[in-house]
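Novice: Just passing along the structure, written as structure tokens.
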């Protein structure tokens with residue numbers, strides 16, 4: 054059994070941090086944080102537009118005993134304690150950008166964000182054949198008149214012509230659309246996106262997707278389709294790096310968090326109070342929960358690789374706590390409310406919550 058939805062705003066799965074967080078919130082609620090205190094300029098020339106030919110040659114910043122140094126990911130095993138557990142996000146980036154055209158020839162770009170709420174999870178939606186409803190952002194939406202059906206821009210591509218994908222507006226939301234997408238019934242939506250879509254590179258790269266991005270913008274352990282952005286911290290791992298980690302008794306654990314387009318959503322309000330944090334789908338197996346329990350019981354280090362894995366572990370704690378306190382009937386499609394972790398004190402240790410979740414998942 055898997056746990057399904059989480060918020061991108063949760064706290065952490067460590068008892069000491071939970072206590073500290075609750076005490077700190079008495080002094081200043083996170084909703085009072087001001088965006089100006091976190092705003093800085095990053096010159097475009099300092100942004101790497103392309104990855105290095107060898108992933109594990111990327112720079113690694115080390116902070117230890119008050120000293121800052123540099124190394125590369127190829128030597129990561131020298132900096133991780135023996136018998137640690139590394140938690141990776143195994144999500145896979147989908148070809149989320151689709152280009153449609155009006156009967157007059159004008160182009161409309163569609164960015165597929167996440168499935169409509171009628172589907173229980175991302176995988177179910179990706180397996181739909183012939184038709185699907187999807188939450189999307191639309192570039193040039195003002196040019197899309199009500200009732201107008203758009204056709205996929207196919208050029209001279211016979212395969213795309215046979216796919217015969219159409220798009221119609223089903224519902225308009227604030228900053229998004231629910232689109233009804235139709236295509237040839239022989240293909241699942243995952244297959245249709247693979248054929249017709251483009252890799253959604255982060256906007257700050259300021260370049261078009263290229264053939265090399267098909268592999269370079271995926272982690273080597275990407276398995277479950279659904280993200281519109283890669284879990285970037287894990288892009289630098291290679292098989293040789295994992296082998297050297299394994300030689301030190303460092304084991305991997307895998308969760309799934311499908312990164313939503315809200316990860317690129319700018320904060321437009323002066324404080325966090327008026328910023329609506331988006332939710333993201335997560336999936337955590339009973340086997341992973343057992344791994345976490347074993348690791349914590351042994352007192353060995355537990356490390357999240359990147360913010361997506363950290364968000365998943367954090368949300369796992371708070372979902373379990375809400376369930377244990379009877380604040381939830383079940384976990385189907387439930388998110389951690391944006392301010393819940395900062396407004397509910399708890400001394401519940403992570404092990405107790407994980408054990409409770411384990412029992413719940415066996416039901």
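Numbering (the numbering used here), first residue to last: 54 to 416.
Quick reminder that beta carbons are idealized off the backbone N, C-alpha and C, glycines included.
Leaving out five residues on either side along the sequence, give the residues of the same chain with a beta carbon under 6 Å from the beta carbon of residue 183.
Specialist: Shown here for residue 183: same chain residues with a beta carbon closer than 6 Å to its own, the five before and five after excluded, namely 238 in chain order.
Novice: Excluding sequence positions up to five away, which residues of its chain have a Cβ less than 6 Å from the Cβ of residue 75?
Specialist: With a pLDDT of only 37 at residue 75, under the threshold of 50, the placement of this residue in the model should not be trusted, and no figure is reported.
Novice: Relative to the C-alpha of residue 148, which candidate in 226, 267, 198 has its C-alpha closest?
Specialist: 267
Novice: Near residue 276, what residues of its chain come up, given a Cβ to Cβ distance below 7 Å and the 5 sequence neighbours on each side ignored?
Specialist: The answer, listed in chain order, is 143, 145.
Novice: Could you give the C-beta distance for residue 333 and residue 312, rounded to a whole number, given that I count them as a contact under 8 Å?
Specialist: 7 Å
Novice: Taking the beta strand (DSSP E) that residue 224 belongs to, which residues open and close that run?
Specialist: 219-225
Novice: If you drop the 5 nearest sequence neighbours on each side, which residues of the same chain put their C-beta closer than 7 Å to that of residue 217?
Specialist: 236, 237
Novice: Please classify residue 132 as buried or exposed, where buried requires at least 16 other C-beta atoms within 10 Å of its C-beta.
Specialist: exposed
Novice: If we count the other Cβ atoms within 10 Å of its Cβ and call it buried at 16 or more, is residue 37 buried or exposed?
Specialist: The requested residue 37 is not part of the displayed model; the chain covers only 54 to 416.
Novice: Between the beta-carbon of residue 163 and the beta-carbon of residue 242, is there less than 8 Å?
Specialist: no
Novice: Could you tell me the distance, in whole angstroms, from the CA atom of residue 301 to the CA atom of residue 134?
Specialist: Looking at the two C-alpha atoms, the distance is approximately 8 Å.
Novice: Please classify residue 351 as buried or exposed, where buried requires at least 16 other C-beta atoms within 10 Å of its C-beta.
Specialist: exposed
Novice: Do residue 222 and residue 232 have their CB atoms nearer than 8 Å?
Specialist: yes
Novice: Residues in the same chain with beta-carbon distance under 6 Å from residue 282, minus the five sequence neighbours each way, listed in chain order, please.
Specialist: 312, 316
Novice: Can you tell me whether DSSP reads residue 177 as helix, strand or coil?
Specialist: Residue state, collapsed to three classes: helix.
Novice: What are the start and end residues of the alpha helix (DSSP H) that includes residue 340?
Specialist: 339-351
Novice: Do residue 369 and residue 337 come within 8 Å of each other at the CB atom, strictly closer than that value?
Specialist: yes
Novice: Where does residue 124 fall in DSSP's three states?
Specialist: strand
Novice: Contact check, residue 190 vs residue 229 under 8 Å by CB: the rounded distance?
Specialist: Indeed, because the Cβ distance is near 6 Å, the residues count as touching under 8 Å.
Novice: Between the Cα of residue 105 and those of 340, 363, 265, spot the shortest distance and give me the residue it belongs to.
Specialist: 265
Novice: How many Å lie between residue 214 and residue 160 at the Cα?
Specialist: Approximately 16 Å, taken between the alpha carbons.
Novice: Helix, strand or coil for residue 235? Go by DSSP, reduced to three states.
Specialist: strand
Novice: Rounded to the nearest angstrom, what separates residue 220 and residue 98 at their Cα positions?
Specialist: 38 Å
Novice: CA-CA distance, residue 408 and residue 371?
Specialist: CA-CA distance, residue 408 to residue 371, rounds to 13 Å.
Novice: Starting from residue 305, follow its DSSP beta bridges and name the residues at the other end.
Specialist: 139
Novice: Which whole runs of the beta strand (DSSP E) in the stretch 256-333 are 3 residues long or more, in chain order?
Specialist: 277-280, 304-311
Novice: Below 8 Å on the Cβ atoms is my guess for residue 254 versus residue 270; work out the distance and round it to an integer in Å.
Specialist: In this structure residue 254 is in contact with residue 270, their Cβ atoms being roughly 7 Å apart against a cut-off of 8 Å.
Novice: Quick one: grab the DSSP three-state call for residue 106.
Specialist: Collapsing the DSSP output to three states places residue 106 in coil.
Novice: Give the single residue among 304, 85, 401, 289 whose Cα lies nearest to the Cα of residue 103.
Specialist: 289
Novice: What's the gap between the Cα of residue 111 and the Cα of residue 272?
Specialist: 14 Å
Novice: On a CA-only basis, which of 296, 258, 401 is nearest residue 128? Give me that one, please.
Specialist: The residue with the shortest Cα to Cα distance from residue 128 is 296.
Novice: For residue 154, list the residues DSSP reports as bridge partners.
Specialist: 160, 204
Novice: Since I believe residue 396 is in contact with residue 51 (beta carbons under 8 Å), could you give me their beta-carbon distance rounded to a whole number of angstroms?
Specialist: The shown model of the chain, from 54 to 416, leaves out residue 51, and the question about it has no answer.
Novice: Can you tell me which of 339, 310, 388 puts its alpha carbon nearest to the alpha carbon of residue 363?
Specialist: 310
Novice: Among all the DSSP beta bridges, which residues are the ones paired with residue 144?
Specialist: Note: residue 144 sits in a beta bridge opposite 277.
Novice: Would you please state the rounded distance, in angstroms, between the beta carbons of residue 294 and residue 116? I believe it to be under 8 Å.
Specialist: In fact, because the Cβ distance is near 20 Å, the residues do not count as touching under 8 Å.
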